[in-house]
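*Asks:* This is the structure I want to talk about, given as structure tokens.
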């Protein structure tokens, strides 16, 4: 075999080994990151857990609107919100399963978060007890303000997310939340 | 009857050309009707998928109607659903017409199926990256949540356009008996 051919052959073999090694290292790093995310709750896990908890509230509120809404529009809005948040939650739980993380209840960390949490709990209690047009007004206000708050929080945390899949999911959910906020605002404006 | 326009081979099995251009009136008519049928099939597939995933059977039509009604279409009534259906079928007929003119009436149905799939992908790209962002951002946001089914729906549409040359030939033949070549 000529010298050039030998050099070429060894270069090709070396290139294949380097490529394989590079792929292996990349896969190991990705697996390590995923395992670390699983062991150490991070902002990404917290955001997923928060979305999961919010979905549960929105689904309940939507179902209440379907049962108790006086106007046809409120009942339809409730139906839309419940369906969308159920669908969103499936995406969240599927992603959590893929990342091997647990979606635990999120404890408020700051005073503002505690206040918001208490406000939300009181609002849900109020909705359960209201009837007629009072329910409709309260529901629309809750949906508009609640979605506005969720959008603000997600937009703020989006830049700090480390996992590309989580960021992707947040980017997909944000326009839907905006649609819900807009729908609630339009119906409130038409009262 | 003149045999001048009949060409041997695939695509002309047993029918007699009554003349006229390959991409003329019959191709246009064939494309429109094929587009309509393809649009109906695509619509049914997408609505069944929406129902199966819990999003609501009529959501696809509501989202199409958002072109005119904006986000309020998502909770609109029967008029919104009707508008969505009308818009979808009109668009389907227009895309079918274009396909009919492009493929003419002499193409074999199998070949038309393959071209239809490619055409479906072109329509998908056009709608996803130009059409929806411009005229229906409400639907564009939703499509981002279900990109695979959105893509498959357009493959279904394109694939169904295999009917185009068959219908075009039927229109060219004028509904009479076909004559063995």
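Protein chains in written order, with the numbering used here: chain S, 8 to 198; chain Z, 44 to 224. Note that beta-carbon positions come from the ideal geometry of N, C-alpha and C, so glycine has one too.
Going along chain Z, which residues have a C-beta under 8 Å from residue 183 of chain S?
*Replies:* Here the neighbours are 184, 185 and 188.
*Asks:* Would you mind reading off the limits of the alpha helix (DSSP H) that contains residue 61 of chain S?
*Replies:* That run of the alpha helix (DSSP H) goes 50-75.
*Asks:* Under a CB-based cut-off of 7 Å, is residue 123 of chain Z close to chain S?
*Replies:* By this cut-off, residue 123 of chain Z is not an interface position.
*Asks:* Please name the residue, chosen from Z:186, Z:177, Z:156 and Z:152, that lies closest to residue 202 of chain Z on a Cα-to-Cα basis.
*Replies:* It is Z:156.
*Asks:* Could you give the distance in angstroms between the alpha-carbon of residue 152 of chain Z and the alpha-carbon of residue 208 of chain Z?
*Replies:* Rounded to whole angstroms, residue 152 of chain Z to residue 208 of chain Z spans 7 Å at the Cα level.
*Asks:* Output, in chain order, the set of chain S residues within a Cβ distance shorter than 8 Å of residue 179 of chain Z.
*Replies:* Those do not exist, as residue 179 of chain Z stays about 12 Å from chain S at its closest Cβ, beyond 8 Å.
*Asks:* Report all residues from its chain with a CB closer than 6 Å to the CB of residue 43 of chain S; omit the five preceding and five following residues, and keep chain order.
*Replies:* Confidence at residue 43 of chain S is low in this model, with a pLDDT of 49, below 50, so its placement is unreliable and the value that follows should be read with caution. Excluding residues within five positions, none has a Cβ falling inside 6 Å.
*Asks:* Can you pull out the residues from the region 159-189 of chain S whose beta carbon lies closer than 7 Å to at least one beta carbon of chain Z?
*Replies:* Correct list: 179, 182, 183, 186 and 189.
*Asks:* In chain order, which continuous runs of the alpha helix (DSSP H) of length 4 or greater are located wholly inside the region 158-220 of chain Z?
*Replies:* Runs found: 175-178, 180-186, 190-203 and 206-216.
*Asks:* Under 8 Å Cβ to Cβ from residue 108 of chain Z, same chain only, skipping five residues before and after it: list those, please.
*Replies:* If we look at residue 108 of chain Z and ignore the five residues flanking it on each side, its Cβ neighbours are 116, 119, 123, 124, 126, 127 and 130.
*Asks:* Determine, for residue 94 of chain S, whether the minimum Cβ-Cβ distance to residues of chain Z falls below 7 Å.
*Replies:* For residue 94 of chain S, the answer is yes, since a Cβ of chain Z falls inside 7 Å of its Cβ.
*Asks:* Quick one: what's got a C-beta closer than 6 Å to residue 78 of chain Z's C-beta in the same chain, skipping five residues either side?
*Replies:* Excluding residues within five positions, the ones whose Cβ falls inside 6 Å are 135, 136, 138 and 139.
*Asks:* If we cut at 7 Å on Cβ distances, does residue 98 of chain Z have a partner in chain S?
*Replies:* Interface residue, yes.
*Asks:* For residue 80 of chain S, which residues in chain Z fall below 8 Å Cβ to Cβ?
*Replies:* Going along chain Z in sequence order, the residues near residue 80 of chain S (Cβ under 8 Å) are 118.
*Asks:* Would you kindly work out how many angstroms separate the C-alpha atoms of residue 52 of chain Z and residue 210 of chain Z, rounded to a whole number?
*Replies:* Because the pLDDT at residue 52 of chain Z is just 42, under 50, the model does not fix this residue reliably, and the value given afterwards should be weighed accordingly. Straight-line Cα distance between these residues: approximately 18 Å.
*Asks:* Flag this pair as yes or no: are the beta carbons of residue 198 of chain Z and residue 143 of chain Z separated by less than 7 Å?
*Replies:* No, these two residues do not count as a Cβ contact at 7 Å.
*Asks:* Mind checking residue 91 of chain S: buried by the 16 CB within 10 Å criterion, or exposed?
*Replies:* Classification of residue 91 of chain S: buried, given that the 10 Å Cβ count is 16 or more.
*Asks:* With a threshold of 7 Å between beta-carbons, can residue 83 of chain S be considered close to chain Z, or not?
*Replies:* Taking Cβ atoms only, chain Z reaches closer than 7 Å to residue 83 of chain S, which makes this a yes.
*Asks:* For residue 193 of chain S, return the contacting residues in chain Z, with the cut-off set at a CB-CB distance below 7 Å.
*Replies:* Neighbours of residue 193 of chain S on chain Z, chain order: 115.
*Asks:* Report the CB separation of residue 159 of chain S from residue 195 of chain S in whole angstroms; it is logged as a contact under 8 Å.
*Replies:* The pair is not a contact, with the Cβ atoms about 19 Å apart (cut-off 8 Å).
*Asks:* Using a C-beta cutoff of 7 Å, does residue 10 of chain S count as contacting chain Z?
*Replies:* Answer no: the Cβ-Cβ gap between residue 10 of chain S and chain Z never drops below 7 Å.
*Asks:* If distances are taken between C-alpha atoms only, which option among Z:148, Z:84 and Z:114 comes closest to residue 71 of chain Z?
*Replies:* Among Z:148, Z:84 and Z:114, the Cα nearest to that of residue 71 of chain Z is on Z:148.
*Asks:* By DSSP, does residue 147 of chain S sit in helix, in strand, or in coil?
*Replies:* The answer is helix: DSSP assigns residue 147 of chain S an H, G or I state.
*Asks:* Shortest alpha-carbon distance to residue 189 of chain S belongs to which of S:147, S:136 and S:59?
*Replies:* Comparing Cα-Cα distances from residue 189 of chain S to each of S:147, S:136 and S:59, the minimum goes to S:147.
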